Amino acid sequence: MKSQIYLDIGNTITKWKINGEFSYLPTKDFEFEKLPDHSKIWISDVSQRTIDIIKKLNVSFLDSQEKYKSLTNSYIEPESLGSDRWFAMIASYEYSQGSNFIVIDIGTAVTIDVVDASGMHQGGVIMPGLHRIRQTFDFPVNKIEEIQMLGNSTQYAWTIGTLNLLVNSINLKINELNIEFPNARIFLSGGGYGEIKNFLNFTHEYHSNLVLDGLEFYVDNMR
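Here's what the structure looks like:
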């Protein structure tokens with residue numbers, strides 16, 4: 071029996087899950103023909119890339135919805151919430167076991183979403199990711215293990231400054247949210263996590279494939 075594929079098409083990376091196994095490719099290199107044999111594909115797509123799927127009748131694109139169980143989308147137009155954020159929230163909702171929770175996805179953009187213990191989405195924050203920030207100037211960067219106060223070259227100064235900008239923004243926002251939503255479980259995901267994980271000052275749980283997990287939870291709940 072052929073298996074179903076859960077597919078997360080992002081701006082930079084495309085990931086998929088089949089039979090509990092995860093794979094990924096750069097979105098620019100992804101083609102449907104590279105997927106293993108399957109019965110159906112369930113897709114979350116936030117990329118700006120146009121993919122020809124007219125003849126692929128076993129493909130279903132899933133948008134954000136108003137509700138999933140008691141999880142309630144706060145957007146006035148629910149479908150305008152990025153589907154990656156929605157499915158990451160669904161996975162976190164299932165993992166959080168009825169507590170307040172915060173979802174942070176660190177990718178091309180960084181998104182932060184908050185859900186209270188009743189399942190009500192409180193809203194979110196979007197900011198550019200580290201690579202997008204660094205595209206504003208054509209300066210080289212260094213890999214650093216700790217944030218220094220000052221750099222002694224343009225390269226180090228730019229590396230420190232851009233890293234500070236993103237990390238401090240995230241840490242400050244989480245500190246603010248912890249006051250309003252105490253004891254919230256914090257879930258992190260996204261390809262940019264590795265670059266900033268050592269500089270985050272709050273307790274969190276990392277899940278590498280929250281969107282795919284959320285897709286699978288959503289589809290299972292439809293049955």
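The opening position of the sequence shown corresponds to residue 71 in the working numbering, with each subsequent residue numbered one higher. Using N, Cα and C, we set each Cβ at its ideal position, and we do this for glycine too. These numbers come from a predicted model, not from an experiment.
Rounded straight-line distance, which links the Cα of residue j to that of residue i
i           : j           : result
residue 272 : residue 234 : 16 Å
residue 130 : residue 231 : 42 Å
residue 248 : residue 104 : 43 Å
residue 151 : residue 199 : 18 Å
residue 202 : residue 181 : 14 Å
residue 295 : residue 191 : The shown model of the chain, from 71 to 293, leaves out residue 295, and the question about it has no answer.
residue 113 : residue 283 : 12 Å
residue 229 : residue 210 : 8 Å
residue 107 : residue 128 : 12 Å
residue 243 : residue 117 : 26 Å
residue 146 : residue 82  : 28 Å
residue 291 : residue 79  : 22 Å
Pair within 8 Å by beta-carbon distance, residue i and residue j
i           : j           : result
residue 285 : residue 157 : yes
residue 143 : residue 253 : no
residue 109 : residue 74  : yes
residue 225 : residue 241 : no
residue 153 : residue 115 : yes
residue 263 : residue 176 : yes
residue 138 : residue 276 : no
residue 179 : residue 196 : yes
residue 163 : residue 189 : yes
residue 174 : residue 258 : yes
Residue i - partner residues in DSSP beta bridges
i           : result
residue 77  : 86 and 113
residue 137 : 142
residue 255 : 171
residue 96  : 83
Simplified DSSP state of residue i, which is helix, strand or coil
i           : result
residue 206 : coil
residue 132 : coil
residue 280 : helix
residue 125 : Summary for residue 125: the model assigns pLDDT 48, below 50, so the residue's position carries little reliability, and this model does not support an answer.
residue 186 : coil
residue 103 : helix
residue 181 : strand
residue 287 : helix
residue 237 : helix
residue 274 : coil
residue 292 : helix
residue 313 : In the structure as shown, the chain begins at 71 and stops at 293. Residue 313 is therefore absent and cannot be evaluated.
residue 225 : helix
residue 214 : coil
residue 147 : coil
residue 264 : helix
Inter-residue CB distance, residue i and residue j (contact presumed, cutoff 8 Å)
i          : j           : result
residue 87 : residue 279 : 7 Å
residue 84 : residue 102 : Wrong, their Cβ atoms sit about 10 Å apart, outside the cutoff.
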